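Colleague:
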Amino acid sequence: MIWDALTDPVLRAPTLGSMLMCLASALVGVIVVLRKRSLVGEALSHAAYPGVVLAALFTALFFPDSEDGFAFIILIGAFLSALLGLWTIELLQTKFRVKADAALCFVLSVFFGCGILIASRVQFTHPLWYQKIQMFLYGQAATMTDQHVVIYGSLCLLTVLFIALLYHPIQAVSFDRDFAKSTGIAVQWLEGATFFLLVLAIVIGIRSVGVVLMSGMLIAPVVAAKQWTHRLFTLFVLSALFGTLSGFFGNYFSTEIPRWVSGKFSLPTGPMILLCASLFCFFSLLLSPGSGLLSRCFRIYKFRRKCRQENVLKAYWKGDEPDASRFFLWILYMQGWLRKDGAGYHLSPDGRHRAAQIVRLHRLWEVYLVDYMGQGVERVHRNAEEMEHILTPELEKELTILLQDPKRDPHHQPIPGKEGL
Amino acid sequence: MPGNSAVKVEHLTVNYDKTPVLWDISFEVPPGKLVGIIGPNGAGKSTLIKAALGIVKPLSGKVLFFGRPLKKVRQRVAYVPQRSSVDWDFPITALDVVLMGRYGRLKWVKWPQAADKEAAKAALEMVGMLGFAHRQIGQLSGGQQQRLFIARALLEEADIYLMDEPFAGVDIATEQAIVALLEKLKTQGKTLFVVHHDLNTVERYFDWVIMLNMCLVKAGPTAEVFQSDAIVRTYGKSAVLLDEAARLSQHKASGKK
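Chains as they are written, first to last, in the working numbering: chain A, 79 to 499; chain B, 10 to 266.
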């Protein structure tokens, strides 16, 4: 069963650990994305790497037997290193006037480069420890123990408490920093605490997904959640949900897929977790009702069909032969805009009314363009062809008042009157 | 004498890095006035407001509200920032934005209560936007967004309002509605500061003006100080020299060529 991953003694710790880590990073990710600081996560996760390497070296030299202490020392090393990265970014921006993106790239590459340099040396001096360092590069959840779960659980709880208790100040500072400051909210304190949490989330996260993919776990659940809601509270909840589910399924698939294909190999957990998060992202971008690609395509299709319909009705109104298939005309007939009359179709009273309305909008718009925008009479038809499908009743009303309900358009054609106006 | 003036600014100087933005500004405004802050671009109008609210740290000088520093009377001072200063795609509804007006009074971990929400709705109603309470703010027009910010300031129930360009990018009807609201607040004894651009309407809207061009050109009742010589000095070339000197000083100080 799928839930065995949560009870199985071998799988339990890695699964829970990854879920907690993804939960924390998805929550912090919301704040980071809203402040438009997405790249900071990328820079800081890479900046944590030299800390990991040095911490491993430190443990190898002084506490080579301490298996328990290792996880903790690594956390501290990564934390300090990421903080140093953060401080360097600040310094570059304030003292040296380096642009934000350049400062981030600089810290990312220099810190990561240093980490790799030291690691390549460690590979020869302490090959066993090099193995352990390597798992922070791409993440390795499989070797997590209950001890990890306790550490990650408490750090995760800290994040959830912070956001739940300070939800409103966080909202105010993220939306309108100056206003928040004017009401007396301790903005600097809050921002400092947020960065602290960000660094914490990264330090927790690199154990499961690695420094290279970490920023994805900050961003992907938020991007997915953003497609579904316009409320910050829901955004936090959805983002946490997507993150936690990614953590779970990433672990699940990394053990299950090899079993399905009966191969004797294992899939790395970190990339699997990120792939799951990306799938959430992908489907959200595709399917969400508001801004999803599918619903947008559907709305575009509906608008185009409306334009075609209105053009056909307009053609009948003018007495032209409409350019449409018999099926298309049949649909208009079924909708009640057309009537059957022996040989062919002609407008029903409703259809006549709607067609007149379209022609009215078209000609009103032409008058507006010529009289108020100073366009040449011969050049306004094309634009009016489009606007006749778009103008709303409110705009029509304003146009009518502005133009004093004209009776003829610039081409001296009559403008159908507005009944009951 | 404390208590006689709503706002008293004493020798306020503000620098961005080494560049001075405001030079030694001093003035006093009695309560119950509608005050226009006018001056050309880069004259430091927004900076004056931000310095008064503690958003920007002044180099020297102080600002007193009812004779007391901001920290003691923060809840009696409300702020309307420039509309362009925030991201209108932010996931938040109009009502939640207005509710922020109460955040200053909430203790750190307390959530807004039903009474706060009712008050927020009343504030929305005052600016004629109750029907948009649950809209995402990005769907509002420019004028509606501006009124939203004013509703948020109303919810602060302050005695002094500092508004940064509330008429920027709004249509005439909205401008008239906002002016009527400001007049109403004035008759309730509130003091309102409005950063303003349109010189044509200064005399009609404001009974007090602060004319600014990095230095204080003049401050006082509109009828007395809003005269052509002061306007020329405010918008004239004399400040360009100061501006250029400040720019050079910044370059030298930071070692640029």
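Ideal Cβ positions, reconstructed from N, Cα and C, are used throughout, including at glycine. Fair warning: this is a prediction, and the values are worked out from it, not measured in the lab.
1) Between A:I409 and A:S403, what straight-line distance do the alpha-carbon atoms span, to the nearest angstrom?
2) For the stretch 92-104 of chain A against the stretch 154-171 of chain A, do three or more pairs of beta-carbon atoms, one drawn from each stretch, fall closer than 8 Å, so that the two count as touching?
3) Between the C-alpha atoms of A:M292 and A:A91, what's the straight-line distance to the nearest angstrom?
4) Could you check whether the Cβ of A:D254 sits closer than 9 Å to any Cβ belonging to chain B?
5) Between the Cα of B:A262 and those of B:V188, B:Q122, B:P29 and B:N222, spot the shortest distance and give me the residue it belongs to.
6) Please name the residues in the stretch 469-494 of chain A whose beta-carbon is closer than 9 Å to at least one beta-carbon of chain B, in chain order.
7) For A:K304 and A:L313, what's the separation of their Cα atoms in angstroms?
8) Does the structure place the stretch 468-477 of chain A close enough to the stretch 182-198 of chain B that three or more beta carbon pairs sit under 8 Å?
9) Taking the CB atoms as reference points, tell me whether A:F157 and A:V277 lie closer together than 9 Å.
10) Taking one C-beta from the stretch 156-173 of chain B and one from the stretch 75-87 of chain B each time, how about it: are there three or more such pairs within less than 8 Å?
11) Strictly below 7 Å CB to CB, what residues from chain A border B:P230?
12) Anyone know if the C-beta pair for A:H204 and A:A318 falls short of 9 Å?
13) On the three-state DSSP scale, how would you describe A:G368?
14) Where DSSP assigns a beta bridge to B:Y214, which residues make up the other side?
15) May I ask you to report which of helix, strand or coil DSSP gives B:Q333?
16) From A:A51 to A:V290, what does the alpha carbon distance come to, in whole angstroms?
17) Considering only the beta carbon of each residue, do B:T243 and B:A52 sit closer than 9 Å?
18) Does any CB atom of chain B fall closer than 9 Å to the CB of A:Y245?
19) For the stretch 99-110 of chain B against the stretch 136-156 of chain B, are there 3 or more C-beta pairs whose distance is under 8 Å?
20) Is A:S96 close to the ligand ADP? I mean its beta-carbon at under 8 Å from any heavy atom of the ligand.
21) Between B:G70 and chain A, is there a C-beta pair that is closer than 9 Å?
22) Please classify A:K259: is it buried, with 16 or more other beta-carbons within 10 angstroms of its beta-carbon, or exposed?
23) Compare the Cα-Cα distances from B:L62 to each of A:K496, A:D256 and A:I151 and report the closest residue.
24) Under 8 Å Cβ to Cβ from A:E506, same chain only, skipping five residues before and after it: list those, please.
25) Could you name the residues of chain A that B:Q145 contacts, counting a contact when the two beta carbons are closer than 7 Å?
26) Would you say A:G498 faces chain B, with C-beta separation under 9 Å as the test?
27) Does any residue of chain B have a CB that is nearer than 9 Å to the CB of A:Q249?
28) Which residue or residues does DSSP assign as beta-bridge partners of A:Y423?
29) Any chance the stretch 388-398 of chain A sits against the stretch 354-372 of chain A, with 3 or more Cβ pairs inside 8 Å?
30) Measuring straight from C-alpha to C-alpha, what distance separates A:F274 and A:L169?
31) For B:I101, which residues in chain A fall below 8 Å Cβ to Cβ?
32) A:H489 and A:V437: beta carbons closer than 9 Å?
33) So with Cβ pairs under 9 Å, would you call B:Y170 a contact of chain A?
34) If we ignore side chains and look at the alpha-carbon of each, how far apart do A:M350 and A:M97 end up?
35) For the beta strand (DSSP E) that B:L62 lies in, which residues bound it at each end?
36) My parser needs the beta strand (DSSP E) runs of 3 or more residues fully inside the stretch 148-199 of chain B; what are they?
Modeller: Short version:
1) Sequence index remark: in the first sequence, residue 409 of chain A carries index 331 (1-based). Sequence index remark: in the first sequence, residue 403 of chain A carries index 325 (1-based). When rounded, the distance between both Cα atoms is 10 Å.
2) no
3) For the purposes of this step, residue 292 of chain A is taken as the residue at position 214 of the first sequence. For the purposes of this step, residue 91 of chain A is taken as the residue at position 13 of the first sequence. Taking the straight line from one Cα to the other gives about 20 Å.
4) Along the first sequence, read from residue 1 onward, the residue named residue 254 of chain A stands at position 176. It does: the Cβ of A:D254 has a partner Cβ on chain B nearer than 9 Å.
5) Start at 1 with the first residue of the second sequence, and residue 262 of chain B comes out as number 253. Closest by alpha carbon: B:P29.
6) none
7) Within the first sequence, numbered from 1, the residue matching residue 304 of chain A stands at position 226. Within the first sequence, numbered from 1, the residue matching residue 313 of chain A stands at position 235. Rounded to the nearest angstrom, the two C-alpha atoms are 6 Å apart.
8) no
9) Here the question's residue 157 of chain A lines up with position 79 in the first sequence. Here the question's residue 277 of chain A lines up with position 199 in the first sequence. A contact, by the Cβ cut-off of 9 Å.
10) yes
11) Working through the second sequence from its first residue, we reach residue 230 of chain B at position 221. Contact annotation for B:P230 against chain A: no contact, minimum CB-CB distance about 28 Å [criterion: below 7 Å].
12) If you number the first sequence from 1, residue 204 of chain A lands on position 126. If you number the first sequence from 1, residue 318 of chain A lands on position 240. No, they are not a contact pair.
13) As a working mapping, residue 368 of chain A is identified with position 290 in the first sequence. Coil.
14) Reading the second sequence from its first residue, position 205 is the one you call residue 214 of chain B. Note: B:Y214 sits in no beta bridge, so no partner.
15) No answer is possible for residue 333 of chain B: it lies beyond the span of chain B, which begins at 10 and ends at 266.
16) For chain A, the structure presents residues 79 to 499; residue 51 of chain A sits outside this window and is missing.
17) The sequence position of residue 243 of chain B within the second sequence is 234, counting from 1. The sequence position of residue 52 of chain B within the second sequence is 43, counting from 1. Yes, they are a contact pair.
18) Taking the first residue of the first sequence as 1, we reach residue 245 of chain A at position 167. Yes, A:Y245 counts as interfacial toward chain B.
19) yes
20) In the structure shown, the ligand ADP is absent, as is every other ligand, since no ligand is present at all.
21) Numbered from its first residue, the second sequence carries residue 70 of chain B at position 61. So, not an interface residue.
22) Locating residue 259 of chain A in the first sequence gives position 181, counting from the first residue. Flag for A:K259 reads buried.
23) Numbered from 1 along the second sequence, position 53 holds the residue referred to as residue 62 of chain B. Selected option, being the one with the closest Cα: A:D256.
24) There is simply no residue 506 of chain A to check, as chain A begins at 79 and stops at 499 in what is shown.
25) Numbered from its first residue, the second sequence carries residue 145 of chain B at position 136. Within 7 Å Cβ-Cβ: H308.
26) Position 420 of the first sequence, counting from 1, holds the residue named residue 498 of chain A. Note that A:G498 scores a pLDDT of 41, beneath 50, so its modelled location is shaky; the value from the coordinates is reported in the next line. Output row for A:G498: interface = no.
27) Taking the first residue of the first sequence as position 1, residue 249 of chain A is located at position 171. The Cβ of A:Q249 sits closer than 9 Å to at least one Cβ of chain B.
28) Your numbering for residue 423 of chain A matches position 345 in the first sequence. According to DSSP, which records beta bridges pairwise, A:Y423 is partnered with A:K418.
29) no
30) Numbered from its first residue, the first sequence carries residue 274 of chain A at position 196. Numbered from its first residue, the first sequence carries residue 169 of chain A at position 91. The alpha-carbon atoms of A:F274 and A:L169 are separated by roughly 17 Å.
31) On the second sequence, position 92 is the one that residue 101 of chain B refers to. Near B:I101 (Cβ distances below 8 Å), the residues of chain A are Q249, F253, H308, R309 and L310.
32) Counted from its first residue, the first sequence places residue 489 of chain A at position 411. Counted from its first residue, the first sequence places residue 437 of chain A at position 359. The answer is no: Cβ separation not under 9 Å.
33) Position 161 of the second sequence, counted from the start, is the residue given in the question as residue 170 of chain B. It does not; no Cβ of chain A falls within 9 Å.
34) Your numbering for residue 350 of chain A matches position 272 in the first sequence. Your numbering for residue 97 of chain A matches position 19 in the first sequence. Roughly 13 Å separates the two Cα atoms.
35) Within the second sequence, numbered from 1, the residue matching residue 62 of chain B stands at position 53. Careful: B:L62 lies outside any beta strand (DSSP E) and carries neither H nor E.
36) Counting only runs of 3 or more, we get 169-172.
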